[in-house]
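Novice:
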Amino acid sequence: MTSAAASPVRVRFSPAPSGELHVGSARTALFNWFEARHIGGSFLLRIEDTDASRTREEWIDAIGDTLGWLGIDWDEPPVRQSTRADAYLAAAEQLLASGHAYETFETPEELEAINAERKEAKLPPGYDGRGRELTPEQRKALAAEGRPRTIRFRTPDTGTSSFVDLVRGPVSVEWATISDFVIVRSDGKPLFFLANAVDDIAMGITHVIRGEDLLDTTHRVLALRAALGDTEPPEYAHLPLILRADRAKLSKRHGAVAVEDFRARGILPEALLNYLALLGWSPGDDREVMTRDEIVASFSLEHVTKSAAVFDEKKLEWMNGEWIRRLDRGELAARVRPLMIERYGAGVTEDLLDEVVAIAQERATTLVSIVEQSDFLFVTEENFSIDDDAWQRVVNAERGRDVLNAAIAHVEKCDWTVDAIDLRPAISDLGMKPGKVMFVLYAATEGRAAGLPVFDSIHLLGRERALGRLRAARERLA
RNA sequence: GCCCCCAUCGUCUAGUGGCCCAGGACGCCGCCCUUUCAAGGCGGUAACGGGGAUUCGAACUCCCCUGGGGGCACCA
Numbered sequence: 233m234t235s236a237a238a239s240p241v242r243v244r245f246s247p248a249p250s251g252e253l254h255v256g257s258a259r260t261a262l263f264n265w266f267e268a269r270h271i272g273g274s275f276l277l278r279i280e281d282t283d284a285s286r287t288r289e290e291w292i293d294a295i296g297d298t299l300g301w302l303g304i305d306w307d308e309p310p311v312r313q314s315t316r317a318d319a320y321l322a323a324a325e326q327l328l329a330s331g332h333a334y335e336t337f338e339t340p341e342e343l344e345a346i347n348a349e350r351k352e353a354k355l356p357p358g359y360d361g362r363g364r365e366l367t368p369e370q371r372k373a374l375a376a377e378g379r380p381r382t383i384r385f386r387t388p389d390t391g392t393s394s395f396v397d398l399v400r401g402p403v404s405v406e407w408a409t410i411s412d413f414v415i416v417r418s419d420g421k422p423l424f425f426l427a428n429a430v431d432d433i434a435m436g437i438t439h440v441i442r443g444e445d446l447l448d449t450t451h452r453v454l455a456l457r458a459a460l461g462d463t464e465p466p467e468y469a470h471l472p473l474i475l476r477a478d479r480a481k482l483s484k485r486h487g488a489v490a491v492e493d494f495r496a497r498g499i500l501p502e503a504l505l506n507y508l509a510l511l512g513w514s515p516g517d518d519r520e521v522m523t524r525d526e527i528v529a530s531f532s533l534e535h536v537t538k539s540a541a542v543f544d545e546k547k548l549e550w551m552n553g554e555w556i557r558r559l560d561r562g563e564l565a566a567r568v569r570p571l572m573i574e575r576y577g578a579g580v581t582e583d584l585l586d587e588v589v590a591i592a593q594e595r596a597t598t599l600v601s602i603v604e605q606s607d608f609l610f611v612t613e614e615n616f617s618i619d620d621d622a623w624q625r626v627v628n629a630e631r632g633r634d635v636l637n638a639a640i641a642h643v644e645k646c647d648w649t650v651d652a653i654d655l656r657p658a659i660s661d662l663g664m665k666p667g668k669v670m671f672v673l674y675a676a677t678e679g680r681a682a683g684l685p686v687f688d689s690i691h692l693l694g695r696e697r698a699l700g701r702l703r704a705a706r707e708r709l710a
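All letters in the first sequence, in the order written, are residues 233 to 710 by my numbering.
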């Protein structure tokens, strides 16, 4: 037995590049990374692109970008499985030679027939092992017919496969329920199980941390490793799945599931990382808003939960608001700037950006909400409009016209500072409670009944534009 | 159909036999503050799926049921 110091922890995140990075995958990546950084081990990246038909180059780059955005770094150059076919095929040959695997020659139609039979017999889909005892001559003859050749791993007929999962404890299954599975396809390409086993051995992976959807495959991979001569299998930790609100699996068909979707919506990486860390893990105390470093310091697979977790976007947004408040103003401005420029173009000056951020930071929940709330500053006067609900409230207000008149009179002659613009005294003079009628001013100047603090907004708008909008509202009301 | 995993407030979770007639957070509701509100403060609502067993004592252990999820293919 080697000591812990002699065998440092090595974990890997191994996405299949068949789309944008899903939050579930991101969570898996995060937990691996947390474990590595907590222990001081290595975090590696492996691109599982053995299935060329599902792989797209741009997804590979996109995954790297997304991980980078989250602040995840990796310690060695990523391994591309598509470049390692020789190693997998060599392993397959080794298994063939040792009798752990064998060649079969069924056509797709024949396999379908086998599955139909098995279904009839109430057996799980799979293979019936009919090719196991073919003689070399028979195999040669079958191949000569031009039949597809695959390589299958011979699973035990009896006995039990078991391993101890770091989060679930002992897990076992009867071998009789697992049929011989394909490790090399008829097109000569290796399959997941083989590539996985070979690479985990080659990369010296010590801890496999992945989603619970892969729990059952562990028995196969372990058998494969043993057949390949491996004597030091890694530890396995299967993370609970992330579910939608209706407890169905989180999928791309319903709402945002890609990390990039949340990024586009103005979720901060700090917040998403923090939220994801708490889906299936807790520090064991009451802390919730935690920095990456705090999470790394406290992380332990022992505190990983066993049951599936529902992804709660409301809580994510709350947490995002917490993070928006924690950033210093300059940093927040830097995060908002690109979104502002994308949306409003050159009109976004540094001064304006800085002021918008200053007044929005206290209440915002997403970056995008800050951008949206400041739209009234960038719209031209011709295009400025008040949304229908807000206007209806103004129309229904008892003394909307009086409020507008008072505001106009004040704004016409007051000093141009936020403090001087304060319209509360003018409204109080009318005998009204400012808080009750302020929405009239929000509607007139910002176009909606609620938004960024209105005195600051008027200040930002400038006297002429603000007066123009207030007067326009007064006229429209007449 | 077969196999595997899971089960505390609506949601994320704390809880590892007495500290629990179950704690925190989000959400929701109410009140307060207030320049609207998506912010802040205070308070409230709300859970151990059911049944057995073990024990002086069970949310915590065991069994059964129920429920939820996952896997099984030449996807990963």
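Glycine is no exception: its CB is placed at the ideal position from the N, C-alpha and C atoms.
Return the residue from the list I410, D525, V589, R701 that minimises the CA-CA distance to I618.
Specialist: In the first sequence, residue 618 corresponds to position 386, counting from 1. With distances taken between Cα atoms, I618 lies closest to R701.
Novice: Which residue spans inside the segment 457-502 form an unbroken beta strand (DSSP E) run of at least 3?
Specialist: Taking only runs of at least 3 residues, the beta strand (DSSP E) segments lying wholly in the segment 457-502 are 467-471.
Novice: Just verifying my parser: in three-state terms, what is the DSSP assignment at D651?
Specialist: Translated into the one-based positions of the first sequence, residue 651 becomes position 419. In this structure, D651 counts as helix in the three-state DSSP scheme.
Novice: State yes or no: is the C-beta of A541 within less than 8 Å of the C-beta of P466?
Specialist: Position 309 of the first sequence, counted from the first residue, corresponds to residue 541. Position 234 of the first sequence, counted from the first residue, corresponds to residue 466. Result no, Cβ atoms of A541 and P466 do not sit closer than 8 Å.
Novice: Taking the C-alpha atoms as reference points, what is the distance between A238 and L500?
Specialist: By 1-based counting over the first sequence, the position of residue 238 is 6. By 1-based counting over the first sequence, the position of residue 500 is 268. Because A238 sits at a pLDDT of 48, beneath the cut-off of 50, its placement in the model cannot be relied upon, and the following sentence gives the value as read from the coordinates. Approximately 38 Å between the Cα atoms of the pair.
Novice: Near L510, what residues of its chain come up, given a Cβ to Cβ distance below 7 Å and the 5 sequence neighbours on each side ignored?
Specialist: Locating residue 510 in the first sequence gives position 278, where the first residue counts as 1. Cβ neighbours of L510 beyond the five flanking positions: E520.
Novice: Tell me, which residues are paired with A333 by DSSP?
Specialist: The residue labelled residue 333 in the question sits at position 101 within the first sequence. DSSP links A333 through a beta bridge to F385.
Novice: Got a sec? Which residues, its chain only, sit under 7 Å from W306 by beta carbon, not counting five neighbours each side?
Specialist: Translated into the one-based positions of the first sequence, residue 306 becomes position 74. If we look at W306 and ignore the five residues flanking it on each side, its Cβ neighbours are F275, L276, L277.
Novice: Mind the definition here: the segment 382-389 touches the segment 365-372 only if three or more C-beta pairs lie below 8 Å; say whether that holds.
Specialist: no
Novice: Going by alpha carbons, who is nearest to F424 out of A317, T537, Y576, G512?
Specialist: Residue mapping note: residue 424 aligns to position 192 of the first sequence, counting from 1. Nearest C-alpha to F424: A317.
Novice: Leaving aside the five residues before and after G553 along the sequence, list all residues of the same chain whose C-beta is less than 6 Å from its C-beta, in chain order.
Specialist: Within the first sequence, residue 553 is the residue found at index 321, counting from 1. Hits under 6 Å: T597.
Novice: Can you give the Cα-Cα distance for H691 and A652, rounded to whole angstroms?
Specialist: As a position in the first sequence, residue 691 is number 459, starting the count at 1. As a position in the first sequence, residue 652 is number 420, starting the count at 1. Distance between the alpha carbons of H691 and A652: 10 Å.
Novice: For G791, report the span of its alpha helix (DSSP H) as first-last.
Specialist: Outside the shown range of the chain, which is 233 to 710, sits residue 791, and nothing can be said about it.
Novice: Let's see if you can read the secondary structure: which residues bound the alpha helix (DSSP H) around T260?
Specialist: Your numbering for residue 260 matches position 28 in the first sequence. Unbroken alpha helix (DSSP H) run through T260: 255-271.
Novice: Which residues mark the beginning and the end of the alpha helix (DSSP H) in which P380 is found?
Specialist: As a working note, residue 380 is residue 148 in the first sequence. Looking at the DSSP string, P380 is not in any alpha helix (DSSP H), and its letter there is neither H nor E.
Novice: In whole angstroms, what is the alpha-carbon distance linking K665 and I659?
Specialist: Within the first sequence, the letter at position 433 stands for residue 665. Within the first sequence, the letter at position 427 stands for residue 659. Whole-angstrom Cα-Cα distance: 7 Å.
Novice: Alpha carbon to alpha carbon, how far is M522 from S411? Give it in angstroms, no decimals.
Specialist: The residue given as residue 411 occupies position 179 in the first sequence. The residue given as residue 522 occupies position 290 in the first sequence. A straight line joining the alpha-carbon of S411 with that of M522 spans about 46 Å.
Novice: Reducing DSSP to helix, strand and coil, say where R316 ends up.
Specialist: In the first sequence, residue 316 corresponds to position 84, counting from 1. In the structure shown, R316 sits in coil (DSSP, three-state: anything other than H, G, I, E or B).
Novice: Mapping DSSP to helix, strand and coil, what is E252?
Specialist: Within the first sequence, the letter at position 20 stands for residue 252. Correct three-state label for E252: coil.
Novice: Along the beta strand (DSSP E) that carries F245, what are the first and last residues, could you check?
Specialist: Residue numbering aside, residue 245 sits at position 13 when the first sequence is read from its first letter. Its beta strand (DSSP E) spans residues 242-245.
Novice: How many angstroms separate the CA atom of P240 from the CA atom of V603?
Specialist: Along the first sequence, one-based indexing puts residue 240 at 8. Along the first sequence, one-based indexing puts residue 603 at 371. A straight-line Cα-Cα distance of about 46 Å links P240 and V603.
Novice: Could you please give the first and the last residue of the uninterrupted beta strand (DSSP E) stretch that includes E406?
Specialist: Residue mapping note: residue 406 aligns to position 174 of the first sequence, counting from 1. Where E406 is concerned, the enclosing beta strand (DSSP E) stretches over 401-406.
Novice: What residue range is occupied by the uninterrupted beta strand (DSSP E) comprising T287?
Specialist: Within the first sequence, the letter at position 55 stands for residue 287. Note, T287: premise wrong, no beta strand (DSSP E); not H, not E.
Novice: Does E369 come out as helix, strand or coil in the three-state DSSP assignment?
Specialist: By 1-based counting over the first sequence, the position of residue 369 is 137. Reduced to three states, the DSSP call for E369 is helix.
Novice: Secondary structure at V453, three-state DSSP: helix, strand or coil?
Specialist: Counting from one through the first sequence, the residue named residue 453 turns up at place 221. In the structure shown, V453 sits in a helix (DSSP, three-state: H, G or I).
Novice: Within 10 angstroms of its Cβ, does N615 collect 16 or more other Cβ (buried), or is it exposed?
Specialist: By one-based count along the first sequence, residue 615 stands at place 383. Exposed: under 16 other Cβ atoms inside 10 Å.
Novice: Under three-state DSSP, which class holds W306?
Specialist: Along the first sequence, one-based indexing puts residue 306 at 74. Correct three-state label for W306: coil.
Novice: Can the beta-carbon of L505 be found closer than 8 Å to that of L302?
Specialist: In the first sequence, the residue the question calls residue 505 occupies position 273. In the first sequence, the residue the question calls residue 302 occupies position 70. Yes, the Cβ-Cβ distance between L505 and L302 is below 8 Å.
Novice: Sorted by chain position, which residues of the same chain lie with C-beta nearer than 8 Å to I640's C-beta, five sequence neighbours on each side aside?
Specialist: Within the first sequence, the letter at position 408 stands for residue 640. The answer, listed in chain order, is L699, L702, R703, R706.
Novice: Between the segment 243-258 and the segment 276-293, do at least 3 Cβ pairs fall closer than 8 Å?
Specialist: yes
Novice: Which value, in whole angstroms, describes the spacing of the CA atoms of R567 and I573?
Specialist: Sequence index remark: in the first sequence, residue 567 carries index 335 (1-based). Sequence index remark: in the first sequence, residue 573 carries index 341 (1-based). Rounded to the nearest angstrom, the two C-alpha atoms are 11 Å apart.
Novice: When you compare the CB positions of V405 and S393, do they come within less than 8 Å of one another, or not?
Specialist: Along the first sequence, read from residue 1 onward, the residue named residue 405 stands at position 173. Along the first sequence, read from residue 1 onward, the residue named residue 393 stands at position 161. Contact: yes.
Novice: Leaving out five residues before and five after A373 in sequence, what residues of the same chain have Cβ atoms less than 6 Å from its Cβ?
Specialist: Locating residue 373 in the first sequence gives position 141, where the first residue counts as 1. Within the same chain, A373 has no close Cβ partners at all.
Novice: If you measure from the CB of R476, is any heavy atom of the ligand SAH nearer than 7 Å?
Specialist: Ligands are entirely absent from the displayed structure, and the ligand SAH is therefore not among its contents.
Novice: For A323, collect the residues of the same chain with a Cβ closer than 7 Å to its Cβ; drop the 5 residues on either side in sequence, then sort them by chain order.
Specialist: On the first sequence, residue 323 is found 91 positions in, with the first residue counted as 1. Hits under 7 Å: L426, V430, L460.
Novice: The beta strand (DSSP E) spanning R442 covers which residue range?
Specialist: In the first sequence, counting from the first residue as 1, residue 442 sits at position 210. From DSSP, the beta strand (DSSP E) with R442 extends over 439-443.
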